[in-house]
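Protein chains in written order, with the numbering used here: chain A, 313 to 651; chain B, 313 to 651.
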DNA sequence: GCGGCAAAGATAAACGTTTTACTTAAGGGT
DNA sequence: ACCCTTAAGTAAAACGTTTATCTTTGCCGC
């Protein structure tokens with residue numbers, strides 16, 4: 313049961329291996345009759361091109377690496393899902409790796425990815441700092457960085473969301489409803505996108521003469537809920553919470569449920585990201601909607617133009633994350649009472 | 313900027329390429345001094361082993377293909393996430409492909425996966441029928457089939473959930489609470505796991521002299537919600553709904569929210585799968601919990617023993633999916649009224 | 001002092017494909 | 001009748017590893 317190679321096909325079809333290769337690739341003209349014989353032979357033998365051999369010879373292969381912090385996070389899973397579809401449409405395979413938000417693992421995974429000599433790489437770095445492995449590779453390999461971009465002026469294409477505007481819009485919405493005691497449920501405040509969301513919220517609040525508080529909940533739902541519960545018990549309730557990721561949204565909701573807090577009657581909430589479960593509730597969540605499929609689309613087309621050989625200056629795509637106004641933000645009691 | 317190969321490293325370190333290879337693999341003794349020089353050289357040159365070349369020579373490569381219907385479905389995303397972690401721990405890379413529940417795409421993706429000559433394959437078939445491409449490969453390649461298994465007695469290892477028991481348990485819970493008008497929110501009734509869940513529910517109901525109704529909602533949340541809404545408007549409300557997938561759970565909840573149905577006061581619900589968002593609610597969902605990480609773990613260890621060369625008879629692993637009793641199933645009004 | 005042996009490396013072949021350069025045969029213009 | 005071109009296909013080299021086989025060197029016993 314040795315694997316069937318191009319040689320076997322050639323023998324079966326009674327031609328040379330070069331002709332078989334040409335018949336498949338179409339790089340050189342092969343008479344229709346011979347093509348038919350080759351295809352026939354390949355079919356009967358169950359021939360599968362050995363991609364490793366092909367890639368070794370040509371040096372290129374239609375595979376792109378995708379590196380994300382975690383597939384357990386819906387945001388990244390959805391992103392990878394979209395990228396995978398786009399890749400398939402263009403005949404590319406996707407090699408997935410996850411860093412688990414750990415810089416060492418990220419570097420290791422990157423190395424493994426690079427060993428495949430992919431045509432390109434789409435990565436969501438797990439920290440603000442671009443790992444050295446990647447930085448070295450960026451000059452030769454088409455790379456697109458997404459979401460977690462620590463620095464400006466990177467030499468590669470980047471796709472990000474306008475986090476500052478998103479934060480600002482969320483805050484303004486809450487302020488308009490009369491809230492003055494605002495809590496920011498951040499995941500990890502040190503991460504650039506989170507920091508910008510926080511800054512957006514803070515800027516809007518400050519402009520209204522309000523100083524928001526911040527609590528860091530991490531990247532795990534259970535733990536985040538526990539931390540928020542502890543915070544609430546210790547510091548008292550705000551009238552509105554703005555979550556900065558889908559995980560913190562979930563953690564906040566969990567904490568609310570555990571503490572018997574009614575939303576929006578007791579506390580209002582603006583969530584982050586927009587998934588089906590957020591609307592499948594008695595009180596659908598107002599949330600900042602990250603345009604996941606646009607992000608994927610932008611990243612993919614950037615990558616494709618780079619792979620196509622473009623040497624243009626690095627582009628920085630900034631997408632809007634509009635607020636979806638639903639029912640989880642109520643008019644603050646302060647306003648109601650004065651009315 | 314030609315890629316740096318083993319040859320360059322050999323030159324830099326002043327040894328032959330065979331020695332470099334041996335220094336890395338440790339297959340033959342190489343003096344510590346030389347190993348040091350080789351590693352040094354590799355580091356300064358930024359050497360990355362070319363996996364294609366390696367695989368071409370050895371015929372094996374540490375990569376396994378994973379084929380699932382969709383990464384947008386949390387269940388599969390979580391499964392892939394777990395598999396990816398297990399793979400990483402064993403030094404394997406994962407090649408992901410999605411079939412989008414389309415048989416033709418599945419066959420195509422399978423072909424693409426196989427071209428990499430992976431060491432193994434973990435697949436969730438998108439239909440009850442195993443595609444021919446796969447069936448042919450199963451004799452030579454270690455394959456583990458998960459979740460969607462149409463036939464018994466396959467010649468490969470399979471990992472499934474005891475869907476019949478899961479359905480039965482869900483139904484019994486609802487029956488115990490006094491419900492008699494039960495609606496099954498199925499995704500696609502033709503799929504084997506779904507069919508078994510339905511059968512489990514039906515068997516339990518029939519034993520209690522109750523005939524459940526069934527509605528098919530498909531695999532998309534929006535559309536499922538619309539279909540359920542229409543069904544409810546047309547046929548009237550049951551007192552309890554049992555959903556058979558996480559997507560139908562979401563669709564049901566969406567329909568409830570849209571129709572202003574209160575859960576559990578108006579209608580009770582047993583969900584399927586168990587995610588954070590199900591408990592992050594005022595009324596946490598009772599749900600059948602599929603043991604995703606156990607599934608992944610079982611599938612992975614099956615695959616590893618096969619890759620290790622085991623030729624034992626195919627094993628069929630059946631895992632329990634226990635019911636998590638929470639608050640979304642209320643005592644039926646019928647019972648309350650008589651009390 | 002010499003055969004023999006072990007230790008540490010080197011040489012070269014092989015993996016399956018792509019592709020360049022070559023062969024062969026047939027046709028075409030003058 | 002001759003040369004030149006074109007068409008269709010073939011032979012062989014190359015890609016970067018791994019590994020079986022060969023070489024060199026030093027060392028041992030006698």
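Note that CB positions come from ideal geometry on N, CA and C, so glycine has one too.
Chain B within 9 Å of residue 466(A), Cβ atoms only: So, not an interface residue.
Counting C-beta neighbours from all protein chains within 10 Å, is the total for residue 632(B) 16 or more, i.e. buried, or is it exposed? So residue 632(B) ends up on the exposed side.
Using the rule of at least 16 other Cβ atoms within 10 Å of the residue's Cβ for burial, across every protein chain shown, is residue 644(B) buried or exposed? With at least 16 other beta carbons inside 10 angstroms of its own, residue 644(B) counts as buried.
CB contact flag (residue 316(B), residue 470(B), <9 Å): No. Outside cutoff.
With a threshold of 9 Å between beta carbons, is residue 495(B) in contact with chain A? With 9 Å as the cut-off, residue 495(B) does not count as an interface residue toward chain A.
Just to confirm before moving on: does the CB-CB distance between residue 323(A) and residue 380(A) stay below 9 Å? No; because the gap between Cβ atoms is not below 9 Å, this pair is not in contact.
Kindly list, in the order they appear in chain A, the residues whose Cβ is closer than 8 Å to that of residue 361(B). Here the neighbours are 427.
Verify the CB distance criterion: does residue 319(B) have a CB-CB separation below 9 Å to chain A? No, no contact with chain A.
First and last residue of the alpha helix (DSSP H) that includes residue 405(A)? For residue 405(A), there is no enclosing alpha helix (DSSP H); the residue is part of the beta strand (DSSP E) that begins and ends at 405–410.
Can the beta-carbon of residue 396(A) be found closer than 9 Å to that of residue 560(B)? No, these two residues do not count as a Cβ contact at 9 Å.
Taking only beta-carbon atoms, is residue 367(A) less than 9 Å away from chain B? At least one chain B Cβ lies under 9 Å of residue 367(A).
When the cut-off is 9 Å and only beta carbons count, does residue 303(A) lie next to chain B? The structure shown has nothing for residue 303(A), since chain A only spans 313 to 651.
Buried or exposed: where does residue 370(A) fall if 16 or more other Cβ atoms within 10 Å of its Cβ makes it buried? So residue 370(A) ends up on the exposed side.
Does the beta carbon of residue 603(A) sit closer than 9 Å to a beta carbon anywhere in chain B? Interface annotation, residue 603(A): not in contact with chain B, CB-CB separation never under 9 Å.
With 9 Å as the C-beta to C-beta threshold (strictly closer), list the residues of the region 608–628 of chain B near chain A in chain order. Here the close residues number zero.
Residue 544(B) and residue 535(B) - do their beta-carbons sit closer together than 9 Å? In this structure, residue 544(B) does not lie closer than 9 Å to residue 535(B) by Cβ.
Enumerate in chain order the residues of its own chain whose CB-to-CB distance from residue 414(B) is below 8 Å, with the five nearest sequence positions on each side excluded. If we look at residue 414(B) and ignore the five residues flanking it on each side, its Cβ neighbours are 438.
Quick check on residue 563(B): buried or exposed, where buried means 16 or more other Cβ atoms within 10 Å of its Cβ? It is buried - the Cβ of residue 563(B) has at least 16 other Cβ atoms within 10 Å.
At 4 residues or longer, and completely inside the region 493–525 of chain A: list those alpha helix (DSSP H) runs for me, N to C. Whole alpha helix (DSSP H) segments, 4+ residues: 504–519.
For the beta strand (DSSP E) that residue 631(A) lies in, which residues bound it at each end? Membership of residue 631(A) in the beta strand (DSSP E) is indicated by the continuous run 628–631.
CB-CB under 8 Å to residue 385(A), same chain, minus the five flanking residues each way: which ones, in chain order? So the qualifying residues of the chain are 531, 558 and 559.
Please report the straight-line C-alpha distance between residue 327(A) and residue 343(A), rounded to a whole angstrom. Roughly 12 Å separates the two Cα atoms.
Which residues bound the alpha helix (DSSP H) around residue 597(B)? That residue, residue 597(B), is in no alpha helix (DSSP H); it is neither H nor E in DSSP.
Should residue 448(A) be flagged as near chain B, meaning a C-beta pair shorter than 9 Å? Closer than 9 Å: yes.
Mind listing the chain B neighbours of residue 393(A)? Cutoff is C-beta to C-beta under 8 Å, in chain order. In chain order: 382, 383, 384, 389 and 410.
Which residues of chain A have a Cβ atom closer than 7 Å to the Cβ of residue 339(B), listed in chain order? At a beta-carbon threshold of 7 Å, none of the residues of chain A lie near residue 339(B); the nearest stands roughly 19 Å away.
Apart from the five residues on each side of it in sequence, which residues of its chain come closer than 6 Å, Cβ to Cβ, to residue 639(B)? Cβ within range, chain order: 595 and 596.
Going along chain A, which residues have a C-beta under 7 Å from residue 533(B)? The contacting residues are 588.
Per-residue contacts from residue 593(B) into chain A (C-beta, under 8 Å): The contacting residues are 565, 569 and 593.
Whose Cβ in chain B lies nearer than 7 Å to the Cβ of residue 406(A)? Within chain B, the residues near residue 406(A) are 408.
4-residue-minimum alpha helix (DSSP H) runs that sit fully inside the region 386–446 of chain A, ordered along the chain: The qualifying runs are 386–401 and 415–427.
From residue 336(A) to residue 608(B), what does the alpha carbon distance come to, in whole angstroms? Distance between the alpha carbons of residue 336(A) and residue 608(B) is about 38 Å.
Suppose contacts are defined by Cβ-Cβ distances below 9 Å. Is residue 485(B) in contact with residue 641(B) by that definition? Contact flag set, yes.
Would you call the region 481–501 of chain A in contact with the region 515–529 of chain A, where contact means no fewer than 3 C-beta pairs closer than 8 Å? Counting Cβ pairs under 8 Å, three or more are found: they touch.
What residues in its chain sit with their C-beta under 7 Å from that of residue 637(A), if we drop five residues either side in the sequence? Closer than 7 Å at the Cβ level, and outside the excluded window around residue 637(A), lie 485 and 598.
Could you have a look at residue 580(A) and say whether DSSP puts it in helix, strand or coil? Residue state, collapsed to three classes: strand.
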